[in-house]
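Take a look at the structure below.
There are 2 protein chains.
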Amino acid sequence: MAPTLEGRDDALLPDFPKGPLQAYRARASFSWKELLLFLEGEETVRFKRTVFSALENDPLFAQRGRADLPLERYRELTFLRCKRVFEYNFLSAEEMLQMPQKVSALVNCLGMYDWSLAVKYSLHMLIFSSAIYSLGSERHFKYIAKIFSMEIFGCFALTELSHGSNTKAIRTTAHYDPSSEEFIIHSPDFEASKFWVGNMGKTATHAVVFAQLHTPGGQCHGLHAFIVQIRDPKTLLPMPGVMVGDIGRKLGQNGLDNGFAMFHKVRISRQDLLNGVGDVTPEGTYVTPFKDDRQRFGASLGGLSFGRISIMGMSIVNLKLALCIAIRFSATRRQFGPANAEEIPILEYQTQQWRLLPYLAAAYALDHFCKSLFLDLVELQQGLKTGDRSARQAELGREIHALASAGKPLASWTAQQGIQECREACGGHGYLAMNRLGDLRDDNDPNCTYEGDNNVLLQQTSNYLLGLLEAGARDGARFESPVKTVDFLEAYPDILGQRFTCPSAGDSWDSLAPLAAYKWLICYLLRESDRKLNHERSSGSSDFDARNNAQVYHCRTLALAFMEFTVAQRFHDFTHHPSVPPPLRGVLGRLSALYTLWSLSSHVASLYQGGYFSGEHAGKMMEAAILDLCSQLKDDAVALVDVLAPPDFVLDAPIGKADGEVYQNLWAAVLQESQVLERASWWPEFSIKKPVIGSLKPKL
Amino acid sequence: MAPTLEGRDDALLPDFPKGPLQAYRARASFSWKELLLFLEGEETVRFKRTVFSALENDPLFAQRGRADLPLERYRELTFLRCKRVFEYNFLSAEEMLQMPQKVSALVNCLGMYDWSLAVKYSLHMLIFSSAIYSLGSERHFKYIAKIFSMEIFGCFALTELSHGSNTKAIRTTAHYDPSSEEFIIHSPDFEASKFWVGNMGKTATHAVVFAQLHTPGGQCHGLHAFIVQIRDPKTLLPMPGVMVGDIGRKLGQNGLDNGFAMFHKVRISRQDLLNGVGDVTPEGTYVTPFKDDRQRFGASLGGLSFGRISIMGMSIVNLKLALCIAIRFSATRRQFGPANAEEIPILEYQTQQWRLLPYLAAAYALDHFCKSLFLDLVELQQGLKTGDRSARQAELGREIHALASAGKPLASWTAQQGIQECREACGGHGYLAMNRLGDLRDDNDPNCTYEGDNNVLLQQTSNYLLGLLEAGARDGARFESPVKTVDFLEAYPDILGQRFTCPSAGDSWDSLAPLAAYKWLICYLLRESDRKLNHERSSGSSDFDARNNAQVYHCRTLALAFMEFTVAQRFHDFTHHPSVPPPLRGVLGRLSALYTLWSLSSHVASLYQGGYFSGEHAGKMMEAAILDLCSQLKDDAVALVDVLAPPDFVLDAPIGKADGEVYQNLWAAVLQESQVLERASWWPEFSIKKPVIGSLKPKL
């Protein structure tokens, strides 16, 4: 006889300990176990638990206290843990190729524990290897085996001290010398040093280095990637001609060694050009299957969507962890109360609900979007592997690029703001380092600027949308795209003519009305951005100036609104699908509605300005609906974070523990720290060496 | 012959070194020296330079690298520096009393160097001593002399582990024992331990402890303050019955030792009750000059405005420092550019201007407001000292309380968001710890939650405004207040009837039109908040529930809008005063207009919703005016931060140095760090001890 559903759940997902959170858990409208299994599936849940359990039972992972560790020791621990992940081999090379979602799950599990570890591991195992795999050819596959056995350790070196966003202006050079069949990698000056490269500071032996390829005769063929050995694997000492070092402490992720490198005429074999987009013959002739520089450049940076979607995932993990901590704290922390009555949990306050619950909805909505976009990307990569050169494949690439380019900003900013709100919502206790909200914020922060600064990236998305509009006007091309995110724009003129009509009093405002408002908003912002661009151009601005001057309040807002809508629409479709088990429909529908309304609420000015909203009622209804949803969701909030929360060991925040014993846990953690009650070693500086007031006289 | 103005300026304010920032400096519309002297006055400028110069020339202040220091060493350094400030005695005790602005200037100078130092110094010298001075009486003045000579070291112990915002619910007790004429200070359990107390962790010998005062017979007289010795000054060991320790690492300000204390029936002399608001006779009778508990409670916490205004000042300093770094970086960092031309400074981009320049305007506007509110507070305290019990004095107290209670949230949030924007606007280099934006953010962060959580504090201000509205409706009382911030509300019904009329095309939108819009907005939010409260009450809510349910979109927004308006109005009045030198009027007027418009732009939805705005043009005009002002101010931006910037040594950010040599400074600073080029000490962990892939098998 098969075990019952309940029996199976209990083994895999044991109940939480009883305690102060019990009251909220008992009031939840759904079973957290059912929602977790519905969202992730038993196999993924089991896999994650396996990873968590391995970390929890391994003494190497016992010490936390990131900020208290000296940098050198934190780096060492992070490296040792990375090596230990190889020993666990949670996924074989074959599983990694066949089940990319499990790779995501693994990285996110490691990241929940510590992003320094997850990023260190990913840069070597995923970014470095996939750069070689996708930009190189069979002659480079020997490196992949060495990556998987950790014979070498890798990094991805694109940005330079003085160039980040503008990658085309990278100044490192690679001159081909036919006499020795070698490339000469060279940094013209320190401003062209590779800089910020993760793993380069102390550990990498090899780097994928982007450099301007020159062939004899002086012709430059643009940016190409090369495999350059930077350290000797036997000693970890730098190779001759390579000046490589560590850029120092960052705001976060300090277990990771970000580094710099300058190359002084470093010679590498001709074979170490990653020749997927262009090659040089032994004699020094440049050959490429691509028609022009622009196309080749695009292909050589084609892996960016993967990085951006990964960053979305990282951001969402951070937001989830912060919410687990802040919501569990809010459900147990009591402050003030009705006259002559017990104090009430701060989660009962409207303000606290409004500060936290929309971010909880956002975490669910963004998580669903990120996973589904990842599946789209997997489809795209399947096409690349099978050599699909169809128009649909090209369109799919453009659409995913547009979605990843705005999805990363939306997710990283939502996480940044959400974590900050969580930190403040926990008051002073949120400012205590042991409660981890600071680490989450600091580790999340680079998500806003690396792999493309958020504001710069958003231009990719608005350019995509404006390009479609122009193509429609020029050629009568239809608005349609492989994953259908822009198809609604086919009704562009009709939508622009629509006006908001209040749902009748009896109707609850589910997400259909705000989704319709979003469609109008995007059409409006698209039209306004297009007009603004044309106005700038017709006023004599260059294309460069016109685009720059149409960002604020126009293209930038357009890209963000489009992204919010796309996330909201996908989450709406998902939560309203017939496959959703009936007991989960209520809570998922409320999350979907809250995310949509709350996101839309930042655009109310535009809805009025453009005439979609008129009268006081429209805006007030939206506010009332948001507050109402918050109030409806507050009794589900603890169960909703129970779905997201890793085990206490991984969450690692006394005020966020599953038992909800906030003060006991906090007090115990404080007393367990080093030298808590001891007097300071420098006590005589106060007790004996007294200052002589005014004994030093300052002078200007 | 007196030195010329120019000669004097050059000695006090030498020119900045030539370099990449020269181009912007040459384009500035005004002289930074003239603006600095106009805003601060020569005496303050000279005083600040004296302090900065003393720190720069003292080896004790040479080491920075806060995050790299072990906690114990950072605390020691901070204590030693605090002691050194006593030795410098920049201000005598008499000067401190007579020139409170100079005290502010001193604290801000120390804070620019390191907030841990400034806060440690302030908690002892200002907060501890002024608590004794204002809550106690002559019998306590003996302590003040010991504070100034550092014979004792003090802290202010109000919050407990489980109570912060709700101070009335503090649970520490002080039972009076007439047999020995002593109070028995006691913590009923660890949840009632004093917690978060700055200086308590390692250094304080004495604490002002807030406890519930009980007299024989069991009567509780509410919260009172007591002086409790917690450590022996001769040894820094805890006193019997006192369990005192350190709460551990925080997100920032880690040079400061925040601590906790539990009291086990600690006996203190009857004389050590700070008896300004109530006293106990030797026999055990409670006596007070106040009529009721509420009044007494208010008086005992009356010093809060001072703390809140100080926090405003701290926040503004942080914002200024971040802007100095980000704007100098933006003026030298070049990225992208027109086709076939040199790359342009990122400050030339509309997006970058819009991200940074409104915060620059905010720094100027908030700084002016904070200084002027401080002068109002000085007036209030003069009245207290001279025993003024007039109605005006009471009204002044209420008004300042309302302004400080919303001013702290506005300033701390503006700084929080502004620093984050600065950090992101500097891209990766802003994420490097040495560039200090992380420290600024982390040190600023508690400003959002201590001395009253921002969201909770805002209720004080909305309650004040709603109270005036109610008093008007009830008694026909006029809207007027000592510093006149609410006087415009006398025209409340008329203002509500106003509608926005577009200035004619030729007129530039100076700050008059947005100030008028703000007045309407505040009246609208006041009316809506009042209606919402009444609706809640008439629907059967208790007053407690009604107030809680009227916060979001109502009272909270009202308090913030009122505060923004008050800041904007004062800055407008200041910048448009005839005493402003003509060469400075242009730039100050633009800053004033930009701050007002930008702040107002977050309320456009309400302006439309309530009918003040109608049609597309109103909103578009505002957007265009903001962007236009940003564009006009970008050539002044470097000179404007030159006015705010402390010397490079104090600013302490390679990318923010006055010479603008961003890459040289950054590169030099990276290479100067410890073990930059050395291989890691744990290199054999990679080179020799190779992992055996899959040698460990994880199990669930």
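Chains A and B, in that order, are what the protein sequence lines are. Just so it is clear: in the first sequence, position 153 is 153 by full-length UniProt numbering, and no numbers are missing. Just so it is clear: in the second sequence, position 555 is 555 by full-length UniProt numbering, and no numbers are missing. Note that CB positions come from ideal geometry on N, CA and C, so glycine has one too.
- Note on residue 427 of chain B: 16 or more other CB atoms within 10 angstroms of its CB, so buried under the neighbour-count rule.
- Between the region 466-485 of chain A and the region 414-424 of chain A, the count of Cβ pairs shorter than 8 Å is below three; the stretches do not touch.
- DSSP places residue 351 of chain A in the helix class (H, G or I) of the three-state scheme.
- With a threshold of 8 Å between beta carbons, residue 153 of chain B makes contact with chain A.
- For the 8 Å CB-CB criterion, residue 550 of chain A and residue 526 of chain A do not form a contact.
- For residue 585 of chain B, there are no C-beta contacts with chain A under 7 Å, since the nearest C-beta of that chain is about 27 Å from it.
- Around residue 410 of chain B, no beta-carbon contact reaches into chain A at under 9 Å, the shortest distance being about 14 Å.
- DSSP, reduced to helix, strand and coil, places residue 559 of chain B within a helical segment of the structure shown.
- Near chain A, meaning a CB-to-CB distance below 8 Å, the residues of the region 69-81 of chain B are 70, 71, 72, 75, 76, 79, 80.
- In this structure, residue 650 of chain B places its C-beta atom within 8 Å of the C-beta atom of residue 52 of chain B.
- In the structure shown, residue 682 of chain B falls within a coil segment according to DSSP collapsed to helix, strand and coil.
- Interface residue (Cβ-Cβ distance to chain A less than 8 Å): residue 556 of chain B is classified as such.
- Within the model, the alpha-carbon separation for residue 407 of chain A versus residue 78 of chain B is close to 44 Å.
- Residue pairing by DSSP puts residue 220 of chain B in a beta bridge opposite B:214.
- Under the three-state reduction of DSSP output, residue 16 of chain B falls in the coil class, being neither helix nor strand.
- Here residue 202 of chain B is not near residue 279 of chain B, since their CB atoms are 8 Å or more apart.
- As the crow flies, the alpha-carbon of residue 631 of chain A is around 12 Å from that of residue 548 of chain B.
- In summary, residue 317 of chain B is buried, with 16 or more beta-carbon neighbours lying within 10 Å of its beta-carbon over all protein chains present.
- Interface annotation for the region 83-95 of chain A against chain B: 83, 86, 87, 88, 89, 90, criterion Cβ-Cβ distance under 7 Å.
- Residues of chain B whose Cβ lies closer than 7 Å to the Cβ of residue 549 of chain A are, in chain order, 350.
- Residue-level contact check: residue 552 of chain A touches chain B, since one or more beta carbons of chain B fall below 8 Å from its beta carbon.
- Straight through space, the alpha carbons of residue 290 of chain B and residue 589 of chain A are spaced by roughly 56 Å.
- Against chain B, the CB of residue 682 of chain A has a partner CB under 8 Å away; the residue lies at that interface.
- Residue 498 of chain B carries a coil assignment under DSSP once its states are collapsed to helix, strand and coil.
- Counting only the Cα atoms, residue 571 of chain B lies some 38 Å from residue 326 of chain A.
- Between the region 388-401 of chain A and the region 329-348 of chain A there are fewer than three inter-stretch CB-CB distances shorter than 8 Å, so the stretches are not counted as touching.
- Around the beta carbon of residue 688 of chain B, fewer than 16 other beta carbons sit within 10 angstroms, so the residue counts as exposed.
- In the DSSP assignment, residue 238 of chain B is bridged to B:231.
- Between residue 180 of chain B and residue 168 of chain B, the alpha-carbon positions lie close to 28 Å from each other.
- With a contact defined as Cβ atoms closer than 8 Å, residue 468 of chain B and residue 496 of chain B miss out at about 16 Å.
- Within its own chain, the residues whose Cβ lies closer than 7 Å to the Cβ of residue 320 of chain A, once the five positions on either side in sequence are excluded, are 363, 644, listed in chain order.
- Taken atom to atom, the span from the alpha-carbon of residue 614 of chain B to that of residue 410 of chain B is near 28 Å.
- Of the candidates A:666, A:251, A:697, A:30, A:666 places its Cα closest to the Cα of residue 196 of chain B.
- Scanning chain B for C-beta atoms nearer than 7 Å to the C-beta of residue 604 of chain A yields 605, reported in chain order.
- For residue 109 of chain B, the number of other beta carbons within 10 angstroms of its own is at least 16, and it is reported as buried.
- No Cβ-Cβ contact shorter than 8 Å links residue 636 of chain A with residue 604 of chain A.
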